Amino acid sequence: MNELGLPPTRQLPAEVRERALHTVLSGMDSPQRRRLAPLLTTAAAVVAAVTVTTMVAVSAPGPGSPGAEAPGLEQLASGPPVMSGDPLTDNALTRCADAVVARNRTADYPPTSDWRTTEVLLTSPGGDTAIAINDRFACFVGMSNVYVSSTRGRQAGPVAIARLTPAIVVVLNPERHELDIVPRAAFIDPGGAPDAPVQLMMLGSASAPTSNLWLTVPGSYDGLMPDPGPIGVVVEDHRPMPTIGATTTTAKPPGPR
Amino acid sequence: MTTREGLAGVNAPPVDDHELWALAQRGDRDAFTVLYHRHADAVWNHAYRLTASPTTAEDVLAATFLTAWRRRANVRFVAESARPWLLAVAGNEARTEGRSRARFRRLTHRVGPAPDVADHADSVVTSLDDRRRLHRVLAAIAELPATQREAVALCMVAELSQTDAAQALGIPEATLRSRISRARARLRTLLPEEVR
Chain G
1 MNELGLPPTR QLPAEVRERA LHTVLSGMDS PQRRRLAPLL TTAAAVVAAV
51 TVTTMVAVSA PGPGSPGAEA PGLEQLASGP PVMSGDPLTD NALTRCADAV
101 VARNRTADYP PTSDWRTTEV LLTSPGGDTA IAINDRFACF VGMSNVYVSS
151 TRGRQAGPVA IARLTPAIVV VLNPERHELD IVPRAAFIDP GGAPDAPVQL
201 MMLGSASAPT SNLWLTVPGS YDGLMPDPGP IGVVVEDHRP MPTIGATTTT
251 AKPPGPR
Chain U
1 MTTREGLAGV NAPPVDDHEL WALAQRGDRD AFTVLYHRHA DAVWNHAYRL
51 TASPTTAEDV LAATFLTAWR RRANVRFVAE SARPWLLAVA GNEARTEGRS
101 RARFRRLTHR VGPAPDVADH ADSVVTSLDD RRRLHRVLAA IAELPATQRE
151 AVALCMVAEL SQTDAAQALG IPEATLRSRI SRARARLRTL LPEEVR
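Protein sequence lines correspond, in order, to chains G and U.
In this text, residue positions in the first sequence follow the UniProt record's numbering: the first is 1, and each later residue adds one.
In this text, residue positions in the second sequence follow the UniProt record's numbering: the first is 1, and each later residue adds one.
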């Protein structure tokens, strides 16, 4: 027993040692990814329940149609984004770039050829994916819609608040300040580092206001969260999702636990 | 690659953490694997004590070394060993895990109960008394301010020296001692049986 009465240290079980190392080695080349499929399933359900009337359809063929495998990258004025090699992430990034091009909003974002996935914020078993792009903005790719947040949002001291989907708000925190938001019960925070450059907040419902949330960035901002404003870009996109691969940064190899 | 290959697998002479880290910074996964095996026990034990869950501790162990790998280009540790820094990273990862799991519990409370799945690893790792004690200690530590929590995690949970802990946290030793002192006083009121 030590000073706190904690039990003595134990030897790390060999199978745990090997399993964790396997996870590390298999995750070394992947972008950071979080394990919050259940949360995203709920968030995706909230998003799907909302009818967005300002959508613009991407002229993409359906699965099985001629040309279905071509994601439309030739449309991109500045070229395709930087691929990571992860099919799910790359599919999402491509569709996010397509969405911005389809809405003719390329002037509001960095050149698409510079886009790269800097973090996978959420994934769901159905393939819904939220990614951070260039640590500057976020994109959510669902079964039928693609949402891209603005890169600026509404300023709150050194951070900015932007709407990603009707029910998801992102905090853009390029200088990586540690921040806090209360009351936590008002939203579902998928977790992650409190100083991450792009953080998701899943509101409890699509119409939930953010004006009752208190944002604190120590030494910089201490006040009500500003309204995140409108979603940056929304398009309807029914292209099929790739199947989620078995390798995530935290996936366990097969075998008994 | 099998997990014990690399520098350790070819009977290379022991090298210190700085040398291994320098190799890892150049992308040498074998060197990083040696570091992993050298510190995995300590990181896992620390994670277990901070989370009271063997399953979560395993996740924290993997997340800690993944974070280390991803940040290797920007990290230069000043202690003799990488362990203090790794334990500090593990503390952050454990906190993140705890937050995520707490929110998941709140969410599942809203949407209804999940199937009751037993954590098989729990049964083989520790006794019920140990876990009860651990939960009690963790609840008390959670009452402390963040800066004191970090100090307590490294000095009183991981049992690092104050010098190593101060270096890992990037603060003067005097500051660390002050935080520990205040934390100890508070913990005495919260855990009168454990902290004397």
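For glycine and all other residues, C-beta sits at the position ideal for the given N, C-alpha and C.
Everything numeric in this text was worked out from a predicted model, so none of it was measured.
- Burial state of Ser149/G is buried, judged by a 10 Å Cβ sphere holding 16 or more other Cβ atoms.
- Residue nearest to Arg163/G within the set Pro81/G, Asp29/G, Met225/G is Met225/G (criterion: CA-CA distance).
- Excluding its 5 nearest sequence neighbours in each direction, Tyr48/U has C-beta neighbours in its own chain below 7 Å: Pro54, Ala57, listed in chain order.
- One alpha carbon belongs to Met156/U, the other to Glu3/G, and they sit about 7 Å apart.
- The DSSP-derived three-state label of Ala82/U is coil.
- Secondary structure note for Glu173/U: its alpha helix (DSSP H) is the uninterrupted segment 173-190.
- Secondary structure at Thr129/G: strand, using DSSP grouped into helix, strand and coil.
- Below the 8 Å Cβ cutoff, chain G contributes no neighbours of Leu160/U, its closest Cβ being approximately 12 Å away.
- DSSP, read as helix, strand or coil, puts Trp44/U in helix.
- For the stretch 7-18 of chain G, the set of positions with a beta-carbon nearer than 7 Å to some beta-carbon of chain U reads Pro7, Thr9, Arg10, Gln11, Leu12, Val16, Arg17, Glu18 in chain order.
- Across the structure, Gly142/G and Ala208/G are spaced so that their CA atoms are roughly 20 Å apart.
- Linking Leu23/U to Ala140/U through their CA atoms gives a straight-line distance of about 41 Å.
- Pairwise C-beta distances place the stretch 15-22 of chain U in contact with the stretch 61-80 of chain U, as three or more of them are shorter than 8 Å.
- Chain U places no beta carbon closer than 8 Å to that of Leu213/G, leaving this residue out of the contacts.
- When Val198/G, His22/G, Arg105/G are compared, the shortest CA-CA separation from His177/G is found for Val198/G.
- CA-to-CA, the gap between Ser220/G and Tyr36/U works out to about 39 Å.
- The contact set of Met28/G on chain U, defined by CB atoms closer than 9 Å, consists of Arg29, Phe32, Leu66, Trp69, Arg70 in chain order.
- Judged by DSSP in its simplified three-state form, Arg70/U adopts helix.
- For Trp115/G, there is no enclosing beta strand (DSSP E), as DSSP marks it with neither H nor E.
- Collapsing the DSSP output to three states places Thr216/G in a strand.
- The residue among Thr123/G, Glu119/G, Tyr147/G with its C-alpha nearest the C-alpha of Val101/G is Tyr147/G.
- Residue pairing from DSSP places Arg154/G in a beta bridge opposite Ile161/G.
- At a C-beta separation below 7 Å, Glu143/U has no neighbours in chain G, since its nearest C-beta there lies roughly 13 Å away.
- Per DSSP, reduced to three states, the secondary structure at Leu160/U is coil, with no helix or strand assignment.
- The beta carbon of Ala130/G sits no closer than 8 Å to any beta carbon of chain U.
- Bridge pairing for Asp180/G: Thr216/G [DSSP].
- In the structure shown, Glu150/U adopts helical secondary structure according to DSSP, grouped into three states.
- Contact between Ala40/U and Arg105/G does not hold, since the beta-carbon distance rounds to 47 Å and is not under 8 Å.
- Close to chain U, meaning a Cβ-Cβ distance shorter than 8 Å, is no residue of the stretch 151-180 of chain G at all.
- One alpha carbon belongs to Leu138/U, the other to Arg177/U, and they sit about 20 Å apart.
- At least one CB of chain U lies nearer than 8 Å to the CB of Glu3/G.
- The Cβ atoms of Ala62/U and Val89/U lie no closer than 8 Å to each other.
- Look at Glu236/G here: in three-state DSSP terms it is strand.
- Thr189/U and Ser161/U have their C-alpha atoms roughly 24 Å apart.
- Taking C-beta separations shorter than 8 Å and ignoring five residues to either side along the sequence, the partners of Thr64/U in its chain run Val43, Ala47, Leu86, Val89, Ala90, Glu93, following chain order.
- Contact annotation for Asn45/U against chain G: Thr9, Arg10, Leu12 [CB-CB distance below 8 Å, chain order].
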